[in-house]
Amino acid sequence: MRTALHIAVPWLLLVGFIVIVYGLYGFSPEAPPCAIGACPRVLHETDARKTFAYHEGVQFSIVMTESNNPSRSLRCIPEGVIARMEDAAASDSTYTAVFQGVAHGTCALTGDNFSATILIQ
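Last residue of the sequence shown: number 121 in UniProt numbering, and the count goes up by one each step with no gaps.
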């Protein structure tokens, strides 16, 4: 029994340490926003955890995988900063959601496995 504890306890401590470090990773600062007017107009799932700045009235789109980030789960909170214009199927498994900046402010654009900050100026 003592031998099993000598093996199990260090492994449990190691796993606990890894879980804590991974959890703290979520608190790391986001990348600084791109310069307004220089941000890409087409975003992808690989752009997660970034900040994008656009002028009011500018349209931008995001290409998502339906299985990873279903269209129904994609939203920006708080509402009223950007408006969803349309969705277009890019292929059987992906879609493109088009948004337009409608009011000055910041919102968190999130899906099931995606999050980015949108700044409208």
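Yeah, the Cβ is synthetic: ideal placement off N, Cα and C, and Gly gets one too.
Quick check on the burial criterion: 16 or more other C-beta atoms within 10 angstroms. Buried or exposed for residue i?
i           : result
Met64       : buried
Ser61       : buried
Gly37       : exposed
Gly57       : exposed
Val81       : buried
Ala97       : buried
residue 167 : Look at the range of the chain in this structure, 1 to 121, and you will see that residue 167 is not part of it.
Do residue i and residue j have their CB atoms nearer than 8 Å?
i      : j      : result
Ile77  : Ala116 : no
Thr110 : Arg75  : yes
Gln121 : Ala53  : yes
His55  : Gly101 : yes
Throw me the rounded Cβ distance for the residue i and residue j pair, which I believe falls under 8 Å.
i     : j      : result
Pro40 : Thr51  : Pro40 to Thr51, Cβ: 12 Å. No contact.
Ser71 : Asp87  : 6 Å
Ala48 : Phe114 : 5 Å
My output table needs one value for residue i: the three-state DSSP class, helix, strand or coil.
i      : result
Arg84  : strand
Ser67  : coil
Ala90  : coil
Arg49  : coil
His6   : helix
Arg75  : strand
Ile118 : strand
Cys107 : strand
Ala97  : strand
Quick one: does residue i have its CB under 8 Å from some CB of chain D?
i    : result
Ile7 : Among the chains of the structure shown, chain D does not appear; only one protein chain is present.
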